[in-house]
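As structure tokens, the structure follows; a few thoughts come after it.
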Amino acid sequence: MEQLKSDLECITGERAIEATETMAQVLARLDEMAKSLDAPERLQHYLSKRSYVKALAWIEDPSAQHHV
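Structure (structure tokens):
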């Protein structure tokens, strides 16, 4: 889950992408995680729709409303 959070932070601009990676690599990893992750339904929904801000908000507080 830490890699997922880190990737979401990169995509949403909250963290810089590592110098050895590209945005395309981070997006590809997120797409792969969305397919294979055994995650709660709401998080799966956000990832599959590429609603990365909402996915990050959900990870930080799953009980909050996520109308970002």
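With this note's numbering applied, the sequence shown corresponds to residues -1 to 66, in that order.
C-beta: ideal position from N, C-alpha, C; glycine also.
Own chain residues within Cβ distance below 8 Å of residue i, not counting five before or after
i           : result
alanine 79  : As displayed, the chain neither begins before -1 nor continues past 66, which places residue 79 out of reach and without an answer.
arginine 13 : Ser4, Glu7
Sequence-distant residues of the same chain with beta carbon closer than 7 Å to residue i, five excluded per side
i             : result
tryptophan 56 : Arg40, Leu41, Tyr44, His64
isoleucine 15 : Cys8, Met21, Val24
arginine 27   : Asp5
Alpha helix (DSSP H) segment containing residue i, residue limits
i          : result
arginine 1 : For the sequence presented, residue 1 should be read as glutamine rather than arginine. Glutamine 1 -> alpha helix (DSSP H) spans 0 to 9.
Same chain only: Cβ atoms within 6 Å of residue i, ignoring 5 sequence neighbours per side
i        : result
lysine 3 : Ile57
Supposed close pair residue i, residue j - CB separation, criterion 8 Å
i          : j         : result
alanine 53 : leucine 6 : 6 Å
Q: Run through the stretch 21 to 58 for me and flag every whole alpha helix (DSSP H) of 4 or more residues, listed as ranges in chain order.
A: 21 to 34, 39 to 46, 50 to 58
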